[in-house]
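Read through the structure below, which is laid out as structure tokens, and then see the notes.
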Amino acid sequence: MPWAMLACWMALLFALCAVPVAHAATAGTAAPAGPATELTPDRLADLLADPAARDQIIERLRAEAPASGRTTGSTQAPAEAPSLPARIAHGAQLFLAGMAAHAERAVDDLSALARGEGMSPERRDQLAATLLGLAVVAAATIAVFLLLRAIAARAYARIDAWTAQPAAAPRGSHRAGGLALAGRRAGAMLGALAIDLAIVLLAGMAGYVVALYGTGTRGTVSTAQSLFINAYVAVEIAKALIRGVFATRYPRLRLFTMADDVARYWNDRLGRMAAAFGYGLMLVEPLAKSLLTPSIGELAGLVIMLAAYGYAVRVVWRNRQILRERLEQRAERASAGYFGTRFRVLARTWHVLAIGYFTVLLVVSQVDPERALPFMVQATLQSLAALAAGALLIMLLAGALARRIALPEDLRRKLPMLEARVNAYVPAALRGLGILIRIVVALFVLDAWRVFDLSTWIVSDAGAAAVRVVVNVAIVLLIAAVAWTIIASIIEHRLSLSEGGAMPTARERTLLSLFRNAALIVIVTMTVLVVLSQIGVDIAPLIAGAGVVGLAIGFGSQKLVQDIITGVFIQLENGMNQNDVVQVAGIFGTVEKITIRSVGIRTLDGGYHLIPFSSVDVVSNHMRDFSYHLGEYTIAHRESVDDAVQHLRNAFDELMQDELLAPEVLEDISIPGVTALNEKGVTIRVLIKTTPGMQWAVQRGYNRLVKKHFNAAGIELPYPHTVVYFGQDKSGYAPPANVFMQPERPDEGRDARAAGHTRRRLSREQGTASEDVLGNELDRVAEDPDARPQSA
């Protein structure tokens, strides 16, 4: 896990720099005198007798003198904290210098002991009595522990057998039965662990009783016996936790599924490591310091820790590839993607984490021996708790991401895009929350290893400012998301098809779409600016720069500004909408697309024309409320106007029988009369009121019927005539003309057909809709619920 790896390496740095600072008093005297103990006259004399210890005490007092002055003086400012490189360098120097000094003094002390110096007969007797009492307590404690373990073996076997029994699955799905089985197994493991811990505590109490009443002075416990009991309890609790994970004799009580040989291997190795580290730090080193000399105790502790560290690193390195393969296999079997990914990461980094952990333990044990083990236990437990809580929360978030949010059917019908929008917002918000959880977990891990003081940082100005920025940014993003959701939902509700509600017009659809885009731009811009201001970015130059850029654009693109302003007013005044048939800037066609700057028109020949609004002076819209077919029909001078008007009415009557065109006619035909008398003939005007956009279809249908009725009635539609003049000479004689006489034809009375006309009998069309009169003026480019059907 990257967090744990980061924590281990940062803790290693802390061991070199932060621990000496946090425990300055102990670290400063660790080299000459070992851990801080009660300062007796004899100990003070020993410290002053050691030249190296005396020099370090003097340096320590001189170093703390300015600090004391700063605390008493009100005019001096507090010293700045040392930088991280300085702390690392100081820690490394202190650590290496301490080890060298320990080794040198230990060699001198061992030489003195070999020569018999400082080891009087009384001290030998005292040492023998102390070791004998320690051995008695240790033997009694271990004997009670083994006896209780043997007795508890039957309880472990019963718990293991109970776990193997099938649980009575409750009514419901197979998942409920699996949860019941998992709960039973978890309870069994916790019960076995509780028994193991109780055995450890009872054995420790037995050893304490033996030390209190069975050895030495009755009612007192020696320092050596107390050290052993404390070390025993700590080590055996750690080994009990290890046994709870691997459970070599009871496979069903193991925390993880693994082979028996693998469980035995890691149980033995980790148990040996725990015993070596625990007894070395908590028993051997302090016992050697008290019975022999501090330098010999420190050397013994260093040797034990180095041996345990080398053994641990050797075990980890030899098994790095095997455990990696098994963790990757475990990742393949993981049901949740989150755990699969974590297992793969752990497979690649577990050996680095383990070596780093043992390295930190080695360094801390030498820098601060007395507090090394409590520090490691507290840091480990806090890190594991933080990682477990973070993993649980992220797993819950992953489960929430896997489920789609479903809104009620009524709300989905009114706001069709709301569900998709919410399902788009929630995953992003949950991912952001997951990142925040990871950051918080990392902070807790760093705090556990003293790399980062979380509590101090939170109450500091920087921490409070950081928390305030995160909260403010979250509030701004929430307000922006809610505002956009409300605006977009209202617009979509108006644009959607609602039961019993009025359908939106084309103008409303165009304006609402423009308003939605403008609202999105405004919300995004304002949100970005506010977020930048919250995180400390000065947005005044941005605003000023945007103003300058806007002014430059305004001067340099006046046409663009004119396009936008004209377009806004055209839309507000409902000048045109999508699918309208208009004539704009000399272009006649159907509106395909309208933006805030231009309009796209498709003409009858299929050409697409993009016209900027700055070029629009007049908008001729043929789709407003109603339309007229304005027809002017010219007949020959010899025809009767009244007869022609009647036949025009007859043609309209037949038009009203057409099942396709009749619904498009709004009023009866209007014939104002004769509008022109000229050399061509007599012109009669006709007006037919139609629905918007259908005037051309009515025109084509009516023209066809007028031609049919005029042909049947023999009414001549005039065409150009030519008068031929042959001229004459000055005497008045005209040249002869080669003229052929027309043969006689049947008498048609006073109703002779005009030249070039073919008379046909008038007949009514029955049952056929005149679809051939429909054109492409109203071809739709977008779905329009107001559009009328174009075919019967």
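Under mature numbering (1 follows the signal peptide of the UniProt record, and there is no 0), the letters of the sequence shown match residues -24 to -1, 1 to 768, in that order. The C-beta atom is built at its ideal place from N, Cα and C for all residues, glycine as well.
* Check K665 in the structure and name its three-state DSSP category. => strand
* Go through its chain and collect everything with a Cβ distance to V749's Cβ below 6 angstroms, but skip five positions before and after it. => Once the five neighbours on either side are set aside, the close Cβ partners of V749 are A673, R676, G677.
* Among residues of its own chain, excluding the 5 on either side of A179, which ones have a beta-carbon nearer than 8 angstroms to its beta-carbon? -> T117, I118, V120, F121, L124, Y208, E212
* Since T542 is in the alpha helix (DSSP H), which residue starts that stretch and which ends it? -> 534 to 548
* CB-CB length for N399 against I381, believed under 8 angstroms -> 5 angstroms
* To do: Determine the extent of the alpha helix (DSSP H) in which N399 is found, giving its start and end residues.
  => 394 to 424
* To do: Return the first residue and the last residue of the alpha helix (DSSP H) that L267 is part of.
  => For L267, the enclosing alpha helix (DSSP H) stretches over residues 261 to 267.
* Asked: Taking all protein chains shown into account, do 16 or more other C-beta atoms lie within 10 angstroms of the C-beta of M632, making it buried, or fewer, making it exposed?
  -> exposed
* Under the three-state DSSP convention, the category R46 falls into -> Its pLDDT being 42, under 50, R46 is placed unreliably by the model, and the measurement read from it follows with that caveat. Here R46 sits in helix by DSSP.
* **Straight-line Cα distance separating H469 from S603** => 32 angstroms
* Residue environment, H685, which counts as buried when at least 16 other CB atoms sit within 10 Å -> buried
* Asked: Secondary structure at I298, three-state DSSP: helix, strand or coil?
  -> helix
* Asked: Any contact of the region 287 to 297 with the region 234 to 251, i.e. 3+ C-beta pairs under 8 angstroms?
  -> Touching, yes.
* At 4 residues or longer, and completely inside the region 631 to 712: list those alpha helix (DSSP H) runs for me, N to C. => 671 to 689
* Any idea which residues DSSP pairs T566 with across the strands? -> V557, R578
* Are the region 583 to 600 and the region 549 to 565 touching by the rule of at least three beta carbon pairs closer than 8 angstroms? -> Result yes; three or more Cβ-Cβ pairs closer than 8 angstroms.
* Would you report the Cα separation of residue 788 and V435, rounded to the nearest angstrom? -> What the structure shows of the chain is the stretch from -24 to 768, and residue 788 is not part of that stretch, so it cannot be assessed.
* Asked: What are the start and end residues of the alpha helix (DSSP H) that includes V445?
  -> 437 to 471
* What separation, rounded to the nearest whole angstrom, lies between the Cα atoms of R625 and V658? -> 17 angstroms
* To do: Return the first residue and the last residue of the alpha helix (DSSP H) that G220 is part of.
  => 199 to 222
* Asked: DSSP state of P270, grouped into three classes?
  -> helix
* **Distance, L110 Cα to A104 Cα** => 10 angstroms
* Asked: How long is the line joining the alpha carbons of L693 and I645, rounded to whole angstroms?
  -> Using only the alpha carbons, I get a separation of about 21 angstroms.
* Going by DSSP, name the residue or residues bridged to I587. => Paired residues: V575.
* Taking only the alpha-carbon atoms, compute the straight-line gap between W293 and V446 and give it to the nearest angstrom. => Distance between the alpha carbons of W293 and V446 is about 42 angstroms.
* Residues bridged to G159 (per DSSP) -> G159 pairs with nothing; no bridge assigned.
* To do: Indicate whether the contact test is met: 3 or more Cβ pairs, each with one atom in the region 569 to 586 and one in the region 543 to 551, closer than 8 angstroms.
  => yes
* Asked: In terms of alpha-carbon separation, which member of V185, M181, I175 lies closest to L217?
  -> Across the set V185, M181, I175, the C-alpha of I175 shows the shortest separation from the C-alpha of L217.
* Span of the alpha helix (DSSP H), counted from its first residue to its last, around N243 -> Residues 236 to 255.
* Buried or exposed for F491, please, with buried defined as at least 16 other CB atoms from any protein chain shown within 10 angstroms of its CB. => exposed
* Assign N493 to one of three DSSP states: helix, strand, or coil. => helix
* Asked: Using the C-alpha atoms, what's the distance from G576 back to E568?
  -> 5 angstroms
* Between the CA atoms of Q201 and V186 - distance to the nearest angstrom -> 10 angstroms
* Asked: How about I664 and V650: do their beta carbons lie closer than 8 angstroms?
  -> no
* How would you call R219, buried or exposed, if buried means at least 16 neighbouring beta carbons within 10 angstroms? -> buried
* Relative to the alpha-carbon of L278, which residue among Q297, N295, G254, V291 has its alpha-carbon at the smallest distance? -> Here the closest residue by C-alpha is G254.
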